[in-house]
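Numbering (our numbering), first residue to last: 339 to 692.
Quick reminder that beta carbons are idealized off the backbone N, C-alpha and C, glycines included.
The following block contains the structure:
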């Protein structure tokens with residue numbers, strides 16, 4: 339049985355999405371999983387789906403030590419990184435993982451560059467600095483290891499923030515475990531809807547949503563300079579995990595493994611939200627000029643998240659392939675995976691919350 343190394347795999351978002359997709363595969367065990375983490379801690383969701391560590395083992399590593407990483411990867415066939423270090427070490431961690439994967443003889447590696455497509459990541463200064471030079475380094479080792487970049491556009495799960503009560507009721511650990519076991523690693527309610535995505539969107543109502551907040555029936559949507567609605571690719575977190583799990587079976591990876599849940603216009607997104615809310619939303623449109631000013635204000639105040647949201651929305655305003663919307667590469671290679679549409683997502687979780 340082959341082994342997947344998943345750097346940062348204890349995360350409640352992408353790590354959980356990939357691990358649960360592999361552990362719940364309908365045709366039984368196919369991949370073992372070695373989760374690289376800064377500690378041996380096994381989160382509740384992992385204990386719920388693999389209580390005896392039969393499929394997924396957590397290996398404590400020092401991400402800043404190539405030797406530590408190499409030892410952890412000795413039995414690993416494919417290494418995927420979902421790390422999200424916020425201490426300035428994210429870029430170096432990807433370079434160290436690459437070196438360790440080559441030394442350990444891994445066949446495949448995907449650095450942590452999730453989000454916009456490759457050129458889109460380079461166009462956003464807040465993401466460029468953490469990915470700059472990583473892919474070029476990967477190409478230097480193309481005769482020794484197959485590398486790719488997984489991208490998925492924006493997370494559909496931001497639409498779930500604000501649907502459920504805030505704060506969520508506190509529960510004892512035993513009760514949380516029961517709910518997580520029942521849901522295959524996801525507890526019914528906000529956890530199942532948001533799938534580990536933090537409440538960090540920039541909606542003015544503080545819901546944590548991005549673009550649309552169903553909590554207070556408001557929206558802030560980017561518009562192209564010609565007044566038309568730009569396109570956006572939205573993908574549900576669990577669908578990303580499912581696509582990645584299926585891609586492990588592919589005989590060859592493309593250099594860019596872009597994943598698409600659904601690509602639609604901002605206007606179509608608004609129509610779906612208004613249909614499920616059964617009312618018109620209070621909509622604010624923002625242009626590239628508005629967002630350029632907002633970016634400058636964020637830079638002067640040192641507000642990283644405000645800068646990130648402004649730059650992402652500027653990318654949508656440009657309405658370019660690989661930025662706001664993506665080509666469905668993995669969808670084409672793995673047609674058996676049927677991703678969730680925006681309409682399906684909103685109907686499913688809004689109905690649960692009503």
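(request) Note the first and the last residue of the continuous alpha helix (DSSP H) segment covering residue 495. (result) No alpha helix (DSSP H) holds residue 495; DSSP gives it neither H nor E.
(request) Name the residue from 633, 597, 376 and 628 whose alpha carbon lies nearest to the alpha carbon of residue 493. (result) 597
(request) Answer yes or no: do residue 453 and residue 571 have a C-beta to C-beta separation smaller than 8 Å? (result) no
(request) Assign residue 426 to one of three DSSP states: helix, strand, or coil. (result) coil
(request) Measure the beta-carbon distance from residue 357 to residue 346 and round it to whole angstroms, keeping in mind my assumption that it falls under 8 Å. (result) That belief does not hold up - the Cβ atoms of residue 357 and residue 346 are roughly 11 Å apart, past 8 Å.
(message) Assuming residue 499 and residue 476 are in contact, meaning their beta carbons sit under 8 Å apart, how far apart are those beta carbons, in whole angstroms?
(response) No, residue 499 and residue 476 are not in contact; Cβ-Cβ is about 34 Å, not under 8 Å.
(request) Could you pull out every residue in the same chain whose Cβ sits closer than 6 Å to the Cβ of residue 412, ignoring the five residues on either side in sequence? (result) 442
(request) Would you list the residues sitting across from residue 620 in a DSSP beta bridge? (result) 556
(message) Could you give the first and the last residue of the continuous beta strand (DSSP E) run that contains residue 548?
(response) Element bounds for residue 548: n/a, residue is neither H nor E.
(request) To the nearest angstrom, report how far apart residue 519 and residue 545 are at their CA atoms. (result) 28 Å
(request) Spatial neighbours of residue 300 within its chain, please: CB distance less than 6 Å, with the 5 preceding and 5 following residues excluded, ordered by chain position. (result) One cannot answer for residue 300 here, as it falls past the ends of the chain, which runs 339 to 692.
(message) Assuming residue 580 is part of the beta strand (DSSP E), what are its boundary residues?
(response) First-last for residue 580: 575–585, but that is the alpha helix (DSSP H), not the beta strand (DSSP E).
(request) Would you mind stating whether residue 469 and residue 429 have Cβ atoms separated by less than 8 Å? (result) yes
(request) Would you identify the three-state DSSP class for residue 642, choosing helix, strand or coil? (result) helix
(request) May I ask you to check if the CB of residue 684 is nearer than 7 Å to at least one heavy atom of the ligand ATP? (result) No copy of the ligand ATP appears in this structure; indeed no ligand is present at all.
(request) Inspect the beta-carbon positions of residue 600 and residue 679 and report whether they are closer than 8 Å. (result) yes
(request) Would you tell me roughly how many angstroms separate the C-alpha atoms of residue 343 and residue 433, rounded to the nearest one? (result) 16 Å
(message) Quick check on residue 433: does DSSP put it in helix, strand or coil?
(response) helix
(request) Check residue 693 in the structure and name its three-state DSSP category. (result) No answer is possible for residue 693: it lies beyond the span of the chain, which begins at 339 and ends at 692.
(message) Given this structure, state the Cα-to-Cα distance separating residue 674 from residue 446, to the nearest angstrom.
(response) 23 Å
(message) Suppose contacts are defined by Cβ-Cβ distances below 8 Å. Is residue 391 in contact with residue 399 by that definition?
(response) no
(request) Confirm, please, whether the CB-CB distance from residue 555 to residue 619 is below 8 Å. (result) yes
(request) Measure how close the beta-carbons of residue 563 and residue 655 come, nearest whole angstrom, since I'm counting them as under 8 Å. (result) 7 Å
(request) Just mark residue 402 as buried or exposed, buried being the case when its beta carbon has 16 or more other beta carbons within 10 Å. (result) exposed
(request) Given a cut-off of 8 Å, decide if residue 604 and residue 495 are closer than it, judged by their beta-carbon atoms. (result) no
(message) I need the DSSP call for residue 372, collapsed to helix, strand or coil.
(response) strand
(message) How far does the beta strand (DSSP E) with residue 345 in it extend, from its first residue to its last?
(response) 341–345
(message) From the DSSP secondary-structure annotation, give me the bridge partner or partners of residue 484.
(response) 446
(message) Less than 7 Å between C-beta atoms, sequence neighbours within five positions excluded: which residues of the same chain meet that for residue 377?
(response) 398
(request) Identify, in the order they occur along the chain, each residue of the same chain with its Cβ nearer than 7 Å to the Cβ of residue 626, setting aside the five sequence neighbours on each side. (result) 563, 652 and 655
(request) Give the range of the alpha helix (DSSP H) segment to which residue 406 is assigned. (result) 404–410
(message) On a Cα-Cα basis, can you pick out the residue from 512, 474, 687 and 559 that is closest to residue 541?
(response) 559
(message) In the DSSP output, what is residue 394 paired with across the bridge?
(response) 371
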